[in-house]
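To start, the structure itself, in structure tokens.
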Amino acid sequence: MASKDYYEVLGLPKSASADEIKKAFRRLSRKHHPDTGGTEERFKELNEAYQTLSDPEKRKEYDQFGQYFGGNPPPGGAGRRPGGPGAPGGFNHQNVDLGDLGGFGDIFGSVFSGVGGGGGGAPRAQRGRDLQYDVTLSFDEAFTGVSSKVEVQRSERCSTCKGSGAAPGTGPTTCPVCKGSGRSAQGQGMFAVSRACPRCGGSGQVVETPCGTCRGKGSVVRVKPLTVQIPAGVTDGGKIRFGGKGEPGSSGGPAGDLYVVTHIRPHPFFTRDGADILLDLPVTVTEAALGAELEVPTPDGRVKLKMKEGTQTGKVFKLPGKGAPKLKGGARGDMKVKVQVVTPREMSAEQKELLKRFASARDEDVRGHLQRTGRG
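Okay, so the sequence shown: first residue is 95 according to the numbering used here, each after it adds one.
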């Protein structure tokens with residue numbers, strides 16, 4: 095490694111600033127880390143280059159001695175050898191400031207754990223799983239809101255073993271493979287890769303006599319009834335989050351969330367468009383032609399709607415604030431009433447004669463109209 099150009103390893107010019115060096119190392123380490131598909135040798139190169147160039151004194155010596163920095167003598171064995179690994183002023187993995195690398199600290203910690211530092215056998219706190227439950231509501235229930243009972247199937251701590259997984263009177267013992275560290279190192283030297291112990295899964299402990307209730311898992315699956323409040327104005331396919339109502343966390347971690355997905359049964363004549371409610375209103379030919387005052391159904395009860403004479407089919411009347419409640423803000427949407435003029439299907443001879451006289455009075459040539467439109 096010492097024969098390679100550290101600046102070239104990080105893809106930087108010799109004039110690079112300290113901030114540029116750190117950014118280059120972070121970017122390349124993410125790409126070439128052994129846990130993300132890179133090679134251990136490449137990661138080692140990056141680390142050595144960063145340790146040298148990020149330290150002002152070491153960088154100064156490296157710029158002066160170049161490829162002979164780090165304990166490699168120049169040809170003939172003469173010349174200064176300014177500190178290889180382990181020598182005064184030399185470098186080792188502990189000089190890398192993992193905190194400066196943001197989210198990479200957890201990744202690199204898995205590599206360096208067990209190399210000049212402890213592996214840590216205590217299991218990490220884990221957040222519980224999120225759960226989902228589907229509930230079907232009537233149109234009115236979705237409009238007004240409702241308390242709904244749901245039965246959630248989730249894992250809970252075993253009451254027999256108190257979550258330890260061990261039979262009563264016994265307890266977990268130290269893992270014989272990792273000796274309680276919870277880590278298993280692969281490779282050698284300061285770049286040995288440390289991973290979770292395959293025997294204990296990283297907990298550092300094993301259960302020799304499993305609990306008969308949970309069979310060593312420490313948790314059991316139960317169906318727990320819950321009462322949840324469905325807010326007014328939910329829509330079909332909407333998802334409501336109930337924080338902390340999911341599965342309990344492990345090792346002191348927080349519980350997950352419960353998501354209730356709402357499904358709404360169709361209404362005989364109302365439909366929803368977000369917070370707006372739509373209604374197709376059938377009217378007779380005479381009502382549309384002469385105008386009328388009609389009673390229109392709404393979720394709040396009937397209201398009067400005045401329709402002017404000559405109203406055409408497809409005309410939309412808006413009733414402000416008669417729609418569904420909005421989930422955010424509390425305001426309500428509108429109700430939109432769409433007029434559908436209904437043509438009579440069956441008429442008596444007298445009614446037909448009246449229509450003909452009406453057409454004649456308006457100078458309408460019914461047969462000629464049909465012929466002009468190709469329907470006669």
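The C-beta atom is built at its ideal place from N, Cα and C for all residues, glycine as well. Fair warning: this is a prediction, and the values are worked out from it, not measured in the lab.
Integer-rounded CB distance, given that residue j should sit under 8 Å from residue i
i	j	result
Asp428	Lys450	Their Cβ separation, rounded to whole angstroms, is 42 Å, which puts Asp428 and Lys450 out of contact at 8 Å.
Glu387	Lys398	6 Å
Arg293	Cys269	5 Å
Gly132	Lys125	6 Å
Leu104	Ser123	About 10 Å; that fails the 8 Å criterion.
Distance, residue j Cα to residue i Cα
i	j	result
Lys446	Lys333	55 Å
Lys273	Ser297	11 Å
Glu114	Tyr100	14 Å
Lys400	Leu231	33 Å
Leu147	Tyr156	8 Å
Ser258	Val315	16 Å
Lys416	Val410	14 Å
Val433	Asp351	45 Å
Val390	Ala455	33 Å
Val246	Pro319	6 Å
Glu250	Val229	23 Å
Pro393	His361	11 Å
Lys339	Thr329	22 Å
His127	Thr267	34 Å
Ser278	Arg289	5 Å
Pro262	Thr254	7 Å
Ser111	Ala143	14 Å
Glu135	Gly295	27 Å
Val244	Tyr227	8 Å
Ser63	Phe233	Beyond the ends of the chain as shown, which are 95 and 470, falls residue 63; an answer cannot be given.
Lys422	Arg396	27 Å
Val317	Val300	28 Å
Lys108	Lys117	15 Å
Gly468	Ala443	Unreliable placement is indicated for Gly468, whose pLDDT of 48 sits below 50; no coordinate value is reported for it.
Gly404	Pro414	23 Å
Asp149	Gly276	33 Å
Glu102	Arg153	14 Å
Glu151	Lys98	19 Å
Gly180	Leu106	Low confidence applies to Gly180: its pLDDT is 37, below 50, so where it sits in the model is not reliable, and the reading given next is rough at best. So the alpha carbons of these two residues sit roughly 27 Å apart.
Asp457	Phe363	39 Å
Val377	Met441	17 Å
Gly424	Arg309	50 Å
Leu448	Gly385	19 Å
Phe159	Gly265	59 Å
Residue nearest to residue i in terms of C-alpha spacing, selected from the options
i	options	result
Cys291	Gly310, Val301, Val271, Cys255	Val271
Arg120	Gln145, Leu225, Val377	Gln145
Gly486	Ser454, Lys152, Arg426, Asp149	Residue numbering for the chain in the displayed model covers 95 to 470; residue 486 lies beyond these limits and cannot be assessed.
Val435	Ala455, Ala453, Gln406	Gln406
Leu225	Leu104, Lys108, Arg335	Arg335
Gly331	Asp367, Gly310, Ala453, Lys154	Asp367
Ala383	Asp149, Gln220, Phe452, Asn141	Phe452
Gly337	Lys311, Leu375, Arg221	Arg221
Gly408	Phe364, Leu375, Pro150, Lys98	Leu375
Gly485	Phe364, Gly424, Cys252, Gly276	Outside the displayed span of the chain (95 to 470) sits residue 485, for which this structure offers no information.
Ala219	Lys98, Asp149, Arg153, Ala349	Ala349
Thr365	Val431, Pro438, Pro414	Val431
Arg439	Pro414, Glu151, Val379	Val379
Arg223	Thr437, Lys98, Met441, Glu341	Glu341
Thr437	Glu381, Gln158, Glu151, Thr264	Glu381
Checklist line | Segments assigned alpha helix (DSSP H), at least 4 residues, entirely inside the region 220-283 | finding: DSSP runs (the alpha helix (DSSP H)) wholly in the region 220-283: 233-238.
Checklist line | Segments assigned beta strand (DSSP E), at least 3 residues, entirely inside the region 291-321 | finding: As far as the region 291-321 is concerned, it has no whole beta strand (DSSP E) run of at least 3 residues.
Notebook entry, point to check: Counting Cβ pairs closer than 8 Å, one from the region 337-346 and one from the region 355-366, do we hit at least three?
Noted result: Between the region 337-346 and the region 355-366 there are fewer than three inter-stretch CB-CB distances shorter than 8 Å, so the stretches are not counted as touching.
Next item on the list: Indicate whether the contact test is met: 3 or more Cβ pairs, each with one atom in the region 323-341 and one in the region 295-310, closer than 8 Å.
Entry: Segments in contact, no.
Check: Using 8 Å as the threshold, is the region 237-250 in touch with the region 258-269, meaning 3 or more CB pairs across them?
Finding: No, because fewer than three Cβ pairs between the region 237-250 and the region 258-269 fall closer than 8 Å, the two stretches do not touch.
Notebook entry, point to check: Which parts of the region 372-446 are runs of the alpha helix (DSSP H), unbroken and 4 residues or longer, counting only runs that do not cross its ends?
Noted result: Annotation note: the region 372-446 contains the following uninterrupted alpha helix (DSSP H) runs of length 4 or greater, listed N- to C-terminal: 379-384.
Notebook entry, point to check: Within the chosen definition, does the region 361-371 reach the region 417-437 through at least 3 CB pairs nearer than 8 Å?
Noted result: Result yes; three or more Cβ-Cβ pairs closer than 8 Å.
Check: Can you list the alpha helix (DSSP H) stretches of 4 or more residues lying completely in the region 125-151, in chain order?
Finding: The qualifying runs are 134-147.
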